[in-house]
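Trainee: Take this structure first; my questions come after.
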Amino acid sequence: MTCVLAIDIGGTKLAAALVDEAGSVLCSATRPTPRTDVMSALAALIEEVTANGPPALAVGIGCAGPVDLATGTVSPVNMPSWRGFPLREEVQKLTGLPTVLAGDAQCFALGEHWLGAGRGSASLLGIVVSTGIGGGLVIDGAPLLGPTGNAGHVGHMSIDPYGERCECGGRGCVERYSSGPNMVQWALDNGWSPAAGQEAGSTRHAADLAAPDVTMLRTGEQPDGRALARDAAAGDPVAVAAFERGARALAGMIASVAAAAEVTTVVVGGGVSAAGQVLFEPLERALDDVAGLPFVRAVQVRQSTLGVRASLAGAAKLAYDAGGSRPR
Ligand SMILES: [Zn+2]
580 MTCVLAIDIG GTKLAAALVD EAGSVLCSAT RPTPRTDVMS ALAALIEEVT
630 ANGPPALAVG IGCAGPVDLA TGTVSPVNMP SWRGFPLREE VQKLTGLPTV
680 LAGDAQCFAL GEHWLGAGRG SASLLGIVVS TGIGGGLVID GAPLLGPTGN
730 AGHVGHMSID PYGERCECGG RGCVERYSSG PNMVQWALDN GWSPAAGQEA
780 GSTRHAADLA APDVTMLRTG EQPDGRALAR DAAAGDPVAV AAFERGARAL
830 AGMIASVAAA AEVTTVVVGG GVSAAGQVLF EPLERALDDV AGLPFVRAVQ
880 VRQSTLGVRA SLAGAAKLAY DAGGSRPR
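Heads up: take any position in the sequence shown, counting from 1, add 579, and you land on the working numbering.
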């Protein structure tokens, strides 16, 4: 049996799986990301997953950014112990297998294109809307990574050159409007307060909101974001306006990407996408308003179907695309 080892590295969780050519998971495990000595935890996880499975052909890694594909190093924002860490080399040494690396949002896009909501699409933009906004592109069926692995950083596309300063140093970035914390902040600034007696993130409400896929609420997602989605669904005008504002910024970015790269499908995942129609309905409406050219208007926006598994799936696909043919 043919399989590859897929690894997904985030600030809160490490995940690994043996994945066959059809995308089935043969064996998988996760563990929390430790504060220090992440590599030892990753090595133990790899050992656990590979011990009982068939031998893997190659390794694909999706890692929280920033990554530098030119050097194979990573410096994840939420993992202070890794700065310029030579992840590709370390994993290659450990496993003795060809090892490829990409950003986790790039792997999200590739995974959704391979097995998820973007299956069969010619070109795809994947967007992860969470505490920040990440993205990845699959163009004519192949991932577009860029020389250093930074292609697809759509959260920092400026949709308003006169807009507010962004944490990245730029101005008017879509992330300033559409990320979970920024939508919550805008709502709070405009008089919203989470409804009394409905504790944010309680099981009762989370169950309604997270449908259809609770696993899409990424760890680390702010409970306030869920409360905002709940209140928007209940018709709170400020909460509704916060989502409409966020959706409109996303629509501007999506129309721009579609015009530049002729993506046919956009898959939206991340914790904020779990809000469902509260986000997607105004997004469709805004896109209908901002998009002009027929091929831009034709773009299909879909909710992620793989959720947190998308990055792992993309990492597996990355390994298949590279594995065996390119010894490193
Ligand atoms: Zn920015």
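Don't be surprised by glycine CBs; every beta carbon is placed ideally from N, CA and C.
Whose beta carbon lies closer than 6 Å to any heavy atom of ligand 1, going through the chain in order?
Mentor: Here the residues come out as HIS735, CYS745, CYS747, GLY749, CYS752 and GLU754.
Trainee: Can you list the alpha helix (DSSP H) stretches of 4 or more residues lying completely in the stretch 636-700, in chain order?
Mentor: Fully enclosed alpha helix (DSSP H) runs of 4 or longer: 666-674 and 683-694.
Trainee: Which same chain residues end up closer than 8 Å to LEU788 when comparing Cβ atoms and leaving out the 5 residues on each side of it in sequence?
Mentor: If you number the sequence shown from 1, residue 788 lands on position 209. Confidence is the limiting factor: at LEU788 the pLDDT is only 27, short of 50, which leaves the residue's position unreliable and the question unanswerable from this model.
Trainee: Between the Cα of ILE718 and those of TYR741, LEU689, ILE706 and ASP900, spot the shortest distance and give me the residue it belongs to.
Mentor: As a working mapping, residue 718 is identified with position 139 in the sequence shown. Closest option to ILE718, Cα to Cα, is LEU689.
Trainee: Using CA coordinates, which residue listed in ARG876, VAL845 and ALA901 is at the minimum distance from VAL707?
Mentor: If you number the sequence shown from 1, residue 707 lands on position 128. Nearest of ARG876, VAL845 and ALA901 to VAL707, Cα basis: VAL845.
Trainee: Which residues mark the beginning and the end of the beta strand (DSSP E) in which LEU605 is found?
Mentor: If you number the sequence shown from 1, residue 605 lands on position 26. That run of the beta strand (DSSP E) goes 604-611.
Trainee: Contact between the stretch 663-673 and the stretch 744-757 is defined here as three or more beta-carbon pairs at a separation below 8 Å; is this criterion met?
Mentor: Flag = no, the stretch 663-673 and the stretch 744-757 do not touch.
Trainee: Taking all protein chains shown into account, do 16 or more other C-beta atoms lie within 10 angstroms of the C-beta of GLY734, making it buried, or fewer, making it exposed?
Mentor: Along the sequence shown, one-based indexing puts residue 734 at 155. So GLY734 ends up on the buried side.
Trainee: Are VAL869 and ALA834 close, meaning C-beta to C-beta below 9 Å?
Mentor: Numbered from its first residue, the sequence shown carries residue 869 at position 290. Numbered from its first residue, the sequence shown carries residue 834 at position 255. It is a contact, given that the beta carbons lie within the stated cut-off.
Trainee: Does the distance from the C-beta atom of LEU584 to that of ALA595 stay below 9 Å?
Mentor: Along the sequence shown, one-based indexing puts residue 584 at 5. Along the sequence shown, one-based indexing puts residue 595 at 16. Against a cut-off of 9 Å, the Cβ pair of ALA595 and LEU584 comes out as a contact.
Trainee: Does the distance from the CB of ARG881 to the CB of VAL847 come in under 9 Å?
Mentor: By one-based count along the sequence shown, residue 881 stands at place 302. By one-based count along the sequence shown, residue 847 stands at place 268. A contact, by the Cβ cut-off of 9 Å.
Trainee: Taking only the alpha-carbon atoms, compute the straight-line gap between GLY725 and GLU754 and give it to the nearest angstrom.
Mentor: Taking the sequence shown and counting its residues from 1, the one referred to as residue 725 is at position 146. Taking the sequence shown and counting its residues from 1, the one referred to as residue 754 is at position 175. The straight-line gap from Cα to Cα measures roughly 21 Å.
Trainee: Tell me, please, whether the CB atom of THR674 is closer than 9 Å to any CB atom in chain D?
Mentor: Judged by its chain identifiers, the structure shown contains no chain D, having just a single protein chain.
Trainee: Just how far apart, CA to CA, sit ALA837 and CYS606?
Mentor: The sequence position of residue 837 within the sequence shown is 258, counting from 1. The sequence position of residue 606 within the sequence shown is 27, counting from 1. When rounded, the distance between both Cα atoms is 37 Å.
Trainee: Is it buried or exposed, SER702, if we count other Cβ atoms within 10 angstroms and call 16 or more buried?
Mentor: Reading the sequence shown from its first residue, position 123 is the one you call residue 702. Per the 10 Å Cβ criterion, buried.
Trainee: Check whether the Cβ atoms of VAL842 and TRP771 sit closer than 9 Å, and answer yes or no.
Mentor: As a first step, residue 842 must be located in the sequence shown, where it is residue number 263. As a first step, residue 771 must be located in the sequence shown, where it is residue number 192. No, these two residues do not count as a Cβ contact at 9 Å.
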